[in-house]
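Asks: I have a structure here, written as structure tokens, and I will follow up with some questions on it.
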Amino acid sequence: MAEEGVKGRNTFLRYIDLDKCMGCYTCQAVCDFIHDGKPYIIVYETSIGLKTPISCMHCSRAPCVEVCPTGAMTRDESGAVYVDTMKCIGCMACLYACPFGIPELDPELRVATKCDLCRPLRKQGLDPACYAMCPAEAIIYGETKEVADKIKRRKAEQLVRAKMLDYFPSA
Amino acid sequence: MCKEPENVPGRSKTKISIIGAGPAGLAAAGFLACKGYSITMYDKQPLAGGLMVFAIPKIRIRDETVFVGVDELRDKFGIEFKLATKVFADPTPRKDEGEELVKENLPLKEIIEKSDAVMITTGTWRSRRLGLPGEDGPGVLSALDFLYAIRLYEKGLTSHKPRIGRRVVVIGAGLSAVDAAMEAWDRGAQEVIIAYRRTIKQAPAGVYEINQLIRKGIKWIELASPLEIIRENGVVKAIKLQRMRLGEPDASGRPRPIPIPGSEFTLEADTVILAVGELATPPFEKENLGITVDRKGRIQVDQYYRTTNPKVWAAGDVVTGPSFIGNAVKTALYAAKAMHIHLSGKKLLY
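In order, the protein sequence lines correspond to chains A and B. Residue numbers for the first sequence follow numbering that gives the first Met the number 0, so the first one is 0 and each next one is one higher. Residue numbers for the second sequence follow numbering that gives the first Met the number 0, so the first one is 0 and each next one is one higher.
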């Protein structure tokens, strides 16, 4: 496909900083509201008690897109992976391919559904709702390079603080 | 949720009042502002944000994160914020926690009368007490009081430096207990002990949060319940506890803690922080202006978050009891949507 080269590039990235996430369920709440009771980011409490939100990673080389027999699983201009419901046959090959178990079958529409990084909101120039609403700033979203930079900046702060504790315990 | 308010002619004549500018109130305001309503928010604190700004440690939530949204609501969507204002039905408002900075009292009745619809999102600003001997007096405080005093001082809203204590015992194992213990420890208490009547497995804050504190150096004592605060000349010296064992599941589904006779022990302490739960604080004492509450004092709503007063909706912790921010946001968004559907007459719900 000719347009694959342009469409396939991730220009935006969403990263969830588990050091910051406090498991408050705000991302899930706002996603639930936007999608009429069906959230595409879900907070799970794991066996060690740490809560973590699970949602689509929008992989750069997404197996779900590769495996989709009808081309329904595709990318938008920013690289977000979404389902073109008109093309989807609900075979769920995408779910088999996904290492994170993300795609779900919508029993009414009988198509695969998943996070599309709030495509309708982004079309209006807004940000994905989970990112916009997270009070802990645990969800980082933006241009791939900006996100990478932000993550490293945070880690730098953490490293420095860990180091400082040896010398100044109250830091 | 939107870039600009929907331009619906005449809509802005519809006035909505939101009482309580915490996560629930702000989420509802965001949705309703997008629909173009004219909105006034009331809050007893001098800043919007509720417990996110006035209790939860800033290591978890930075004030700026909240204020960015608040500024947008005010500057872009024209929401009016009436802060340091306590709204209450009775002329003499009930004394809740965190009211040092209230400047004005407003009657709820007046607000309901001059609004087309009212949303109550006043949260849980009252802490449960245990009624132990020696509990009343200095040195024993609620987690909310403790955290609130720190937040106020941090923001320069008071010159009164919060007293942290040297040997601090926190009772309870919810998120308030965890946050209070963490603050006490980070602010230089020599010893911080959390005592909980069940085991770490039942801790409402979760095993992970408790383990994080233990790793920091905070002591965790489980299966222990307080009996008495021991004072000398009015000053807290120690806390007497007794050992518990777990029995059959109780009404909450968790194993019931049962006291073990003769197992009393004391812990030296100069500060005891009670984090044994918060209570809903609706803007009235008992049933008032047609709004009913349940046995626990939580506002009763129907499936559309409408109270028994047809002009009033309610959401967040004041409806559900203490919960997660996400839960407050979720109920408030659905409540706001139901209110909008009602006001715009889009779909007949009743």
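Note that the Cβ used here is the ideal one computed from N, Cα and C, for glycine as well. Note that the structure is a prediction, hence the values are computed from the model and not measured.
(1) Quick check on Val311 of chain B: does DSSP put it in helix, strand or coil?
(2) Within 10 Å of its beta-carbon, does Pro281 of chain B have 16 or more other beta-carbons around it, so buried, or fewer, so exposed?
(3) Is the shortest distance between the beta-carbon of Phe99 of chain A and the beta-carbons of chain B less than 8 Å?
(4) Given that Arg59 of chain B touches chain A, what residues does it touch there, using C-beta distances under 9 Å?
(5) When Cβ atoms are compared, which residues of the segment 25 to 46 of chain A fall closer than 7 Å to chain B?
(6) Are the segment 124 to 141 of chain A and the segment 12 to 19 of chain A in contact at 8 Å, needing three or more beta carbon pairs?
(7) Here's a check: name, in chain order, each residue in its chain whose Cβ is nearer than 8 Å to the Cβ of Glu256 of chain B, leaving out the five neighbours to either side.
(8) Which chain A residues are close to Phe323 of chain B, counting only those with a beta carbon under 7 Å from its beta carbon?
(9) Check whether the segment 73 to 82 of chain B touches the segment 252 to 270 of chain B, taking contact to mean three or more Cβ pairs, one atom from each stretch, closer than 8 Å.
(10) Keeping to the same chain, check which residues put their C-beta closer than 6 Å to that of Cys97 of chain A; ignore five residues upstream and five downstream.
(11) Could you work out which residue in B:Val300, B:Glu98 and B:Asn210 is closest to Ser46 of chain A when comparing CA atoms only?
(12) If you reduce the DSSP assignment to three classes, tell me which class Ile340 of chain B lands in.
(13) So, with DSSP's three-state summary, where would you put Gly48 of chain B?
(14) If we ignore side chains and look at the alpha-carbon of each, how far apart do Glu351 of chain B and Lys85 of chain B end up?
(15) When Cβ atoms are compared, which residues of the segment 46 to 80 of chain A fall closer than 8 Å to chain B?
(16) If you count every other CB in all the chains shown that lies within 10 Å of the CB of Phe76 of chain B, and 16 or more means buried, which is it?
(17) State the start and end residues of the unbroken beta strand (DSSP E) segment that holds Tyr195 of chain B.
(18) Indicate whether Val317 of chain B and Gly171 of chain B have their beta-carbon atoms separated by less than 8 Å.
(19) Output needed for Thr265 of chain B: all residues of its chain with C-beta closer than 8 Å, excluding positions within five of it in sequence on either side, in chain order.
(20) Report the option in B:Asp70, B:Phe53 and B:Val52 whose CA atom is closest to the CA atom of Pro32 of chain B.
(21) Using only the alpha-carbon positions, how far apart do Glu2 of chain A and Ala116 of chain B sit?
(22) Check whether the Cβ of Pro52 of chain A lies closer than 7 Å to any heavy atom of the ligand FAD, and answer yes or no.
(23) Considering Trp219 of chain B, what are the terminal residues of the beta strand (DSSP E) in which it resides?
(24) Taking the C-alpha atoms as reference points, what is the distance between Ser16 of chain B and Gly89 of chain A?
(25) By DSSP, does Pro137 of chain B sit in helix, in strand, or in coil?
(26) For Tyr36 of chain B and chain A, any beta-carbon pair shorter than 8 Å?
(27) Report the residue ranges of all alpha helix (DSSP H) runs contained in full by the segment 17 to 58 of chain A; include only those spanning at least 4 residues, in chain order.
(28) Can you tell me whether Pro90 of chain B is helix, strand or coil according to DSSP?
(29) Count the other CB atoms, across all protein chains shown, that sit within 10 Å of the CB of Leu146 of chain B; report buried if there are 16 or more and exposed otherwise.
(30) So, Val206 of chain B versus Gly48 of chain A, is the Cβ gap smaller than 8 Å?
(31) Just the C-alpha distance for Ile149 of chain B and Gly49 of chain B, rounded to the nearest angstrom, thanks.
(32) How is the beta strand (DSSP E) around Arg169 of chain B delimited, first residue to last?
(33) My assumption, with CB atoms under 8 Å, is that Tyr81 of chain A sits in contact with Arg118 of chain A. Please give the rounded CB distance.
(34) For Asn326 of chain B, count the other beta carbons within 10 Å of its own beta carbon; 16 or more makes it buried, fewer makes it exposed. Which is it?
(35) Can you list, in chain order, the residues of its chain whose CB lies under 6 Å from that of Phe66 of chain B, leaving out five sequence neighbours each side?
(36) Please classify Pro22 of chain B: does DSSP put it in a helix, a strand, or coil?
Replies: So, from the data block:
(1) Mapped onto the second sequence, residue 311 of chain B falls at position 312. Strand.
(2) What you label residue 281 of chain B is simply residue 282 of the second sequence in a count that begins at 1. With 16 or more Cβ atoms within 10 Å of its Cβ, Pro281 of chain B is classed as buried.
(3) Taking the first residue of the first sequence as position 1, residue 99 of chain A is located at position 100. Not one chain B Cβ lies under 8 Å of Phe99 of chain A.
(4) For the purposes of this step, residue 59 of chain B is taken as residue 60 along the second sequence, with counting starting at 1. Under the 9 Å cutoff, chain A gives Lys19, Met21, Cys23, Pro134 and Ala135.
(5) Thr25, Gln27, Ala28, Val29, Asp31, Phe32 and Glu44
(6) yes
(7) Taking the first residue of the second sequence as position 1, residue 256 of chain B is located at position 257. For the sequence presented, residue 256 of chain B should be read as Pro rather than Glu. Closer than 8 Å at Cβ, skipping near neighbours: Arg196, Arg197, Leu222, Ser224, Met243, Arg244, Leu245 and Gly246.
(8) Position 324 of the second sequence, counted from the start, is the residue given in the question as residue 323 of chain B. Those are Cys23 and Tyr24, listed as they occur along chain A.
(9) no
(10) Your numbering for residue 97 of chain A matches position 98 in the first sequence. So the qualifying residues of the chain are Cys63.
(11) Taking the first sequence and counting its residues from 1, the one referred to as residue 46 of chain A is at position 47. It is B:Asn210.
(12) On the second sequence, position 341 is the one that residue 340 of chain B refers to. Three-state result, Ile340 of chain B: helix.
(13) Indexing the second sequence from 1 puts residue 48 of chain B at position 49. In this structure, Gly48 of chain B counts as coil in the three-state DSSP scheme.
(14) Residue coverage of chain B in this structure runs from 0 to 349, which leaves residue 351 of chain B outside it and unanswerable.
(15) Ile47, Gly48, Leu49 and Lys50
(16) For the purposes of this step, residue 76 of chain B is taken as residue 77 along the second sequence, with counting starting at 1. Looking at its Cβ environment, which holds 16 or more other Cβ atoms inside 10 Å, Phe76 of chain B is buried.
(17) Looking up residue 195 of chain B in the second sequence gives position 196. Where Tyr195 of chain B is concerned, the enclosing beta strand (DSSP E) stretches over Glu190 to Tyr195.
(18) Here residue 317 of chain B refers to the residue found at position 318 when the second sequence is read from its first residue. Here residue 171 of chain B refers to the residue found at position 172 when the second sequence is read from its first residue. No, the pair does not count as a contact, with Cβ atoms beyond the cut-off.
(19) The count along the second sequence starts at 1 and reaches residue 265 of chain B at position 266. Ile229, Ala237, Ile238, Lys239 and Leu240, listed in sequence order.
(20) As a first step, residue 32 of chain B must be located in the second sequence, where it is residue number 33. Just to set this straight, residue 32 of chain B is Ala in the shown sequence, not Pro. Among B:Asp70, B:Phe53 and B:Val52, the Cα nearest to that of Ala32 of chain B belongs to B:Asp70.
(21) Numbered from 1 along the first sequence, position 3 holds the residue referred to as residue 2 of chain A. Numbered from 1 along the second sequence, position 117 holds the residue referred to as residue 116 of chain B. Unreliable placement is indicated for Glu2 of chain A, whose pLDDT of 43 sits below 50; the coordinate value is still reported in the next sentence. Straight-line Cα distance between these residues: approximately 51 Å.
(22) With respect to small molecules bound, the structure shown includes none, and the ligand FAD cannot be examined in it.
(23) Taking the first residue of the second sequence as 1, we reach residue 219 of chain B at position 220. Start and end: Lys218 to Glu221.
(24) The residue given as residue 16 of chain B occupies position 17 in the second sequence. The residue given as residue 89 of chain A occupies position 90 in the first sequence. Going by the C-alpha atoms only, they are around 45 Å apart.
(25) Here residue 137 of chain B is taken as the residue at index 138 of the second sequence, counted from 1. Note: Pro137 of chain B maps to coil in three-state DSSP.
(26) Your numbering for residue 36 of chain B matches position 37 in the second sequence. Not one chain A Cβ lies under 8 Å of Tyr36 of chain B.
(27) 25 to 33
(28) Translated into positions along the second sequence, residue 90 of chain B becomes position 91. Coil.
(29) In the second sequence, counting from the first residue as 1, residue 146 of chain B sits at position 147. It counts as buried.
(30) Reading the second sequence from its first residue, position 207 is the one you call residue 206 of chain B. Reading the first sequence from its first residue, position 49 is the one you call residue 48 of chain A. Yes, these two residues count as a Cβ contact at 8 Å.
(31) In the second sequence, residue 149 of chain B corresponds to position 150, counting from 1. In the second sequence, residue 49 of chain B corresponds to position 50, counting from 1. Computed Cα separation, rounded: 14 Å.
(32) To locate residue 169 of chain B, count along the second sequence from 1; it is residue 170. Before going on, a small fix: residue 169 of chain B reads as Val here, not Arg. Arg166 to Ile170 is the extent of the beta strand (DSSP E) around Val169 of chain B.
(33) For the purposes of this step, residue 81 of chain A is identified with residue 82 of the first sequence, where counting begins at 1. For the purposes of this step, residue 118 of chain A is identified with residue 119 of the first sequence, where counting begins at 1. Contact holds; Cβ gap of about 6 Å.
(34) To locate residue 326 of chain B, count along the second sequence from 1; it is residue 327. So Asn326 of chain B counts as buried.
(35) Here residue 66 of chain B refers to the residue found at position 67 when the second sequence is read from its first residue. The answer is none, since no qualifying residue turns up.
(36) Residue 22 of chain B sits at position 23 when you count from the first residue of the second sequence. It is helical.
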